[in-house]
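In the working numbering, the protein residues as written are 109 to 230. Right, one structure below, let's go through it.
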């Protein structure tokens, strides 16, 4: 039964907003998955689903992405080094809050701040 699917993230648009989806032009639940979008000139005249090559796609003139804090926890052992910061960066400390963006979906899990930075630099 699809209603019992563990991959279901939402039943309503409000569920997505409560999970951190906050782009200004669209936040919605579609087929039990959360999406958000922002109008983007690259999407003018493009069909829904046009791949932008940056993790987003076009729909109704927006750049849409999947969103929400529904990801499985990282199955990684941290190094214990949570206070260092690579040159040119600032580590605000563990437990000081966090910032979610679609970049998180592309970077993945890292054992330390240095490992995370290296993954971002790719």
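Glycine included, every Cβ here is placed at the ideal spot set by N, Cα and C. Please read all numbers here as calculations on a predicted model, not as lab measurements.
Residue 136 is bridged by DSSP to 143. About 4 angstroms separates the Cβ atoms of residue 145 and residue 170, confirming a contact at the 8 angstroms cut-off.
For residue 154, the three-state secondary structure derived from DSSP is coil.
Relative to residue 133, the option among 139, 223, 226, 121 whose CA is nearest is 121. In the DSSP assignment, residue 174 is bridged to 143.
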